[in-house]
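K.L.:
In our numbering, the protein residues as written are -1 to 476. Ideal Cβ placement from N, Cα and C applies to all residues, glycine included. Only a predicted model underlies this, so the values are computations on that prediction, with no experimental measurement involved.
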């Protein structure tokens, strides 16, 4: 059972960006009993009219009322000037109102997740104090303007994810010298270099970028998060003048045509917590040094052509939680220390050539929730302690050479929902409690040498029961 591939709102990169930016979101402050400057007084009503007087803006009525608009959806400074406008997920639609550009003191603008359309709003060039701009998840189209660098020297965050922008990435973005976070995910960009040297977060996922990954990406010395998944990048990942030593999150997955070996450079990233390399065409051995990374939490290697063994030190030096190595050409044994730090939850390594036994370190892992080892060459017993603390939910090990009996600990596991042990050499009686375990939804034990009598009744919650080709006595109730 693979981990969820899209657990984040439309774009996992966007989700992580939002989390990373929470500490920087300014608090709206209202200037009570402060009159609105005359040059801004009518702007809110112009904005409301441009958007067709939507219900969410019903309070925007009388610009001369006390405290308006600072008592509406705006944040103001002590001089009564608008500094903050937050209308994320407000249900507004239509072209972006030019009147927004009249707020000369605006520092924070969030109109994400609406149905705003048209070209990029160049009216915002007049907002020279703007620091945070979120236009993501709307219906903007056309190319980004070549002079987008006119957004101003104060801009630190630019979120344009989930729109219909196309063309090239404008070189003038390099003029935004304080820009730290840029999200261009889910736009049909075609080409373009990265002119920003000071970026800390870069998301270009879900576009149509092709060719090699730009070498300049790896020279962004302050880069901490890199999202390039779901593009058409191809070829070897080449590191020339590598400087991105601060990287914590790398996602190159679902490009399908990235090739070559994973170099030792990844093993030098001491801050790396998440590495997504899934669904490419990488080959060669996984560097041993990746298993020694002190901060690694999540390692996704599935659907490639990796050979050799899983790094033997995986889990010994970090609070590792998830490893997915499905459908590679891996050999050797499962690392013993995956759960050394006591927080490991998920191992799936289906469709490889792993051998040896299920390690004792996993058998006593009290946090383990998913173990999927189908179609390998594993042998030995199914360990007794796999559900020692009642956390295991999913165990599948079809198509191996496991022998011995099914442990009673599995039958008494209060959390186990899915158990697949088909096509092994298991023998002996099935623990009686397993037939009636109330939480079990799927039980599949086909093609073994199991014996004993079938029960008169099974759990009423069972959705799937497959027990053919064994040596049971009795018959299933109709």
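According to the neighbour-count rule (16 or more other Cβ atoms, all chains shown, within 10 Å of its Cβ), is residue 316 buried or exposed?
P.N.:
buried
K.L.:
Are the Cβ atoms of residue 505 and residue 283 separated by less than 8 Å?
P.N.:
The chain is shown only over -1 to 476; residue 505 falls outside these bounds and no answer can be derived.
K.L.:
Assign residue 206 to buried or exposed, taking buried as 16 or more other Cβ atoms, counted over all protein chains shown, within 10 Å of its Cβ.
P.N.:
exposed
K.L.:
Measuring only the C-alpha atoms, how far is residue 415 from residue 378?
P.N.:
23 Å
K.L.:
Figure out for me which residue from 293, 285 and 358 has the closest Cα to the Cα of residue 310.
P.N.:
285
K.L.:
Let me know the secondary structure DSSP gives residue 334 once reduced to three states.
P.N.:
coil
K.L.:
Taking the alpha helix (DSSP H) that residue 406 falls in, what are its first and last residues?
P.N.:
Bounds of the alpha helix (DSSP H) holding residue 406 are 406 to 409.
K.L.:
Given residue 271, which residues of its chain have a CB within under 8 Å of its CB, disregarding the five upstream and five downstream residues?
P.N.:
246, 247, 293, 294, 295 and 296
K.L.:
Name the residue from 135, 432, 328 and 450 whose alpha carbon lies nearest to the alpha carbon of residue 460.
P.N.:
432
K.L.:
Can you give the Cα-Cα distance for residue 300 and residue 321, rounded to whole angstroms?
P.N.:
9 Å
K.L.:
Look up residue 286 in the DSSP assignment and give the residues it is bridged to.
P.N.:
According to DSSP, which records beta bridges pairwise, residue 286 is partnered with nothing at all.
K.L.:
Determine the direct distance from the alpha carbon of residue 89 to that of residue 186, and round the result to whole angstroms.
P.N.:
24 Å
K.L.:
Does the separation of the CB atoms of residue 198 and residue 179 fall below 8 Å?
P.N.:
yes
K.L.:
Spatial neighbours of residue 281 within its chain, please: CB distance less than 6 Å, with the 5 preceding and 5 following residues excluded, ordered by chain position.
P.N.:
303
K.L.:
Around the Cβ of residue 458, are there at least 16 other Cβ atoms within 10 angstroms (buried) or fewer (exposed)?
P.N.:
exposed
K.L.:
What is the residue span of the alpha helix (DSSP H) that residue 430 lies within?
P.N.:
430 to 433
K.L.:
DSSP three-state call for residue 46: helix, strand or coil?
P.N.:
helix
K.L.:
For residue 287, which option in 266, 360 and 384 has the closest C-alpha, if you only look at C-alpha atoms?
P.N.:
If you compare the alpha carbons of 266, 360 and 384 with that of residue 287, the shortest gap goes to 266.
K.L.:
Nearest CA to the CA of residue 222: which residue from 273, 150 and 323?
P.N.:
273
K.L.:
Apart from the five residues just before and just after residue 84, which ones in its own chain have a Cβ nearer than 6 Å to its Cβ?
P.N.:
108
K.L.:
The alpha helix (DSSP H) spanning residue 360 covers which residue range?
P.N.:
358 to 361
K.L.:
Per DSSP, residue 227 is paired with what?
P.N.:
In DSSP, residue 227 forms no bridge with anything.
K.L.:
When burial is assigned at 16 or more other CB atoms within 10 Å of the CB, is residue 210 buried or exposed?
P.N.:
exposed
K.L.:
Mark residue 78 as exposed unless 16 or more other C-beta atoms lie within 10 angstroms of its C-beta, in which case mark it buried.
P.N.:
Label assigned to residue 78: buried.
K.L.:
Which same chain residues end up closer than 7 Å to residue 46 when comparing Cβ atoms and leaving out the 5 residues on each side of it in sequence?
P.N.:
55 and 58
K.L.:
What residue from 367, 356 and 351 has the CA that sits closest to residue 342's CA?
P.N.:
367
K.L.:
When you compare the CB positions of residue 48 and residue 95, do they come within less than 8 Å of one another, or not?
P.N.:
yes
K.L.:
Do residue 110 and residue 157 have their C-beta atoms within less than 8 Å of each other?
P.N.:
yes
K.L.:
In angstroms with no decimal places, state the Cα-to-Cα distance between residue 474 and residue 371.
P.N.:
29 Å
K.L.:
Given a threshold of 16 other Cβ atoms within 10 Å of its Cβ, counted over all protein chains shown, does residue 348 qualify as buried or as exposed?
P.N.:
buried
K.L.:
If I measure Cβ to Cβ from residue 411 and keep anything under 7 Å in the same chain, skipping five residues before and after, which residues do I get?
P.N.:
385, 388 and 390
K.L.:
Just to check my reading of the structure: residue 150 and residue 171 have Cβ atoms closer than 8 Å, yes? What is that Cβ distance to the nearest angstrom?
P.N.:
Not really, about 12 Å apart at Cβ, beyond 8 Å.
K.L.:
Using the Cβ count rule (16 or more neighbours within 10 Å means buried), how would you classify residue 381?
P.N.:
buried
K.L.:
Spatial neighbours of residue 472 within its chain, please: C-beta separation below 6 Å, excluding the five flanking residues on both sides.
P.N.:
So the qualifying residues of the chain are 451 and 452.
K.L.:
Helix, strand or coil for residue 99? Go by DSSP, reduced to three states.
P.N.:
Residue 99: helix per DSSP, three-state reduction.
K.L.:
According to DSSP, is residue 459 helix, strand or coil?
P.N.:
coil
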